[in-house]
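Participant: Sharing a structure, written as structure tokens. Questions coming.
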Ligand SMILES: C[S@@+](CC[C@H](N)C(=O)[O-])C[C@H]1O[C@@H](n2cnc3c(N)ncnc32)[C@H](O)[C@@H]1O
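In our numbering, the protein residues as written are 3 to 370.
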């Protein structure tokens, strides 16, 4: 097949276009999540992911007629997940973007007052548009607004030719001073963009094959540890057929620090901050990591059917691997465990983010 045909078939359905929302670290390849959902569940079954990220597992479940249910602590992953699982209609998003374009004029003064980084990163029109979106979109409550926000976040930073920003990685925001120096030495100015025209073009492509608002998926925003404790005696008991997840890897990334610019757009600080909260940091405390994994699996147990399957994909390096085995075996002593290591670059979740990690690969654990 020629490359153009591959592209066409890859994005030939609504599911394939929405599965890619949006750039996030350590995401499941959709093909992997869909294969697991098909192998271990049937239509109507419930799939649960306590570390849902951008909701790949829930989206795969939902698009295959299963019920996807998950929890994510990082608002960036959560907004992507909401937009994929409960998508606003094209017209609504289109109108919202045009409306933001009009409101953006009111943000000329605030745009001038933004820290230096923003002036090197975005042209003035984009700064004003982003400020309007930041203060006017009710992304926690409104379907139109979480969909609009998710679609805006995708190209908030990335390659200079195709994003709203000056040159940057799409998956990870650079720290402000580093970025400014990097742009200055290369003489790179922010690209001149009309943000409304830019966004309308992007949504036209995204919606060209339709969207899936099946209503079969739900993602909660918050820390799965207290949420699972609250759920223990509730309506979900014995409902889940497949626990499909990928927990944070020990010591690899800080999901909050690396997503600081998207978090700013969601109302966060103008600078990257290291979170005080341990589950928003890099998971470098071994004792905390061991306790956290164990508790999450133990507290997920009441939700699972007796014959439920647990499928966990994680970092293959020793500490994460051994801690995961230990946590799974202590939470599910009656189940059998098999593992499968793979290090093919196409299959690793970290490949998009950090090429140094590719060689280490990831490992799957399946319990049944
Ligand atoms: C390896 S990623 C999962 C990526 C996901 N499989 C996907 O396809 O997008 C791990 C996720 O766990 C989230 N996380 C870490 N601690 C959490 C907690 N206590 N509660 C809920 N989510 C948490 C992180 O924010 C991150 O998004």
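For each residue, glycine too, the CB sits at the ideal point set by N, CA and C.
1) Would you kindly work out how many angstroms separate the C-alpha atoms of residue 201 and residue 125, rounded to a whole number?
2) I'd like to check one pair, residue 238 with residue 78: are the Cβ atoms closer than 8 Å?
3) Helix, strand or coil, according to DSSP, for residue 140 in the structure here?
4) Looking at C-beta atoms only, is the number of pairs between the segment 176 to 184 and the segment 23 to 38 that lie closer than 8 Å three or more?
5) With distances taken from CA atoms, which of 53, 306, 26 and 22 is nearest residue 43?
6) For ligand 1, is there any heavy atom lying closer than 7 Å to the beta carbon of residue 29?
7) Specify whether the segment 77 to 96 and the segment 217 to 232 touch according to this definition: at least 3 beta carbon pairs, one from each stretch, less than 8 Å apart.
8) Using the three-state DSSP reduction, which class does residue 50 fall into: helix, strand or coil?
9) With DSSP run on the structure shown, which of helix, strand or coil describes residue 162?
10) With H, G and I counted as helix, E and B as strand and the rest as coil, what does DSSP make of residue 222?
11) Could you tell me whether the Cβ atoms of residue 312 and residue 295 are closer together than 8 Å?
12) Let me check understanding here. Comparing Cα to Cα, which of 161, 50 and 152 lies closest to residue 249?
13) Report the option in 262, 25 and 156 whose CA atom is closest to the CA atom of residue 120.
14) Going by Cα to Cα distance, which pick from 212, 156 and 166 is closest to residue 13?
15) I'd like to know whether the C-beta atoms of residue 159 and residue 179 end up nearer to each other than 8 Å.
16) May I ask which residues mark the beginning and end of the alpha helix (DSSP H) holding residue 200?
17) Kindly list the residues whose CB is nearer than 7 Å to the CB of residue 177, restricted to its own chain and excluding five residues on each side of it in sequence; keep chain order.
18) Flag residue 226 as yes when its Cβ comes closer than 7 Å to any non-hydrogen atom of ligand 1, and as no otherwise.
19) For residue 349, which residues in the same chain have their Cβ closer than 6 Å to its Cβ, ignoring the five residues on either side in sequence?
20) Would DSSP call residue 88 helix, strand or coil?
21) With a CB to CB cut of under 6 Å and the five nearest residues on each side skipped, what residues in its chain are close to residue 145?
Facilitator: In terms of the structure at hand:
1) Each residue's Cα considered, the two are about 15 Å apart.
2) no
3) coil
4) In the pairwise beta carbon analysis, the segment 176 to 184 is classified as not touching the segment 23 to 38: fewer than three pairs are separated by under 8 Å.
5) Closest by alpha carbon: 306.
6) yes
7) yes
8) strand
9) coil
10) In the structure shown, residue 222 sits in a strand (DSSP, three-state: E or B).
11) no
12) Closest in C-alpha terms to residue 249, from the list 161, 50 and 152, comes 50.
13) 262
14) Comparing C-alpha distances from residue 13 to each of 212, 156 and 166 shows the shortest one belongs to 212.
15) no
16) That run of the alpha helix (DSSP H) goes 197 to 209.
17) 274
18) For residue 226, the CB falls within less than 7 Å of some heavy atom of ligand 1.
19) Caution applies to residue 349, whose pLDDT of 43 falls short of 50 and renders its modelled position unreliable; the value that the coordinates give is listed next. Cβ within range, chain order: n/a, list empty.
20) coil
21) Excluding five sequence positions before and after residue 145, the CB atoms of its chain that fall closer than 6 Å to its own CB belong to 88 and 90, given in chain order.
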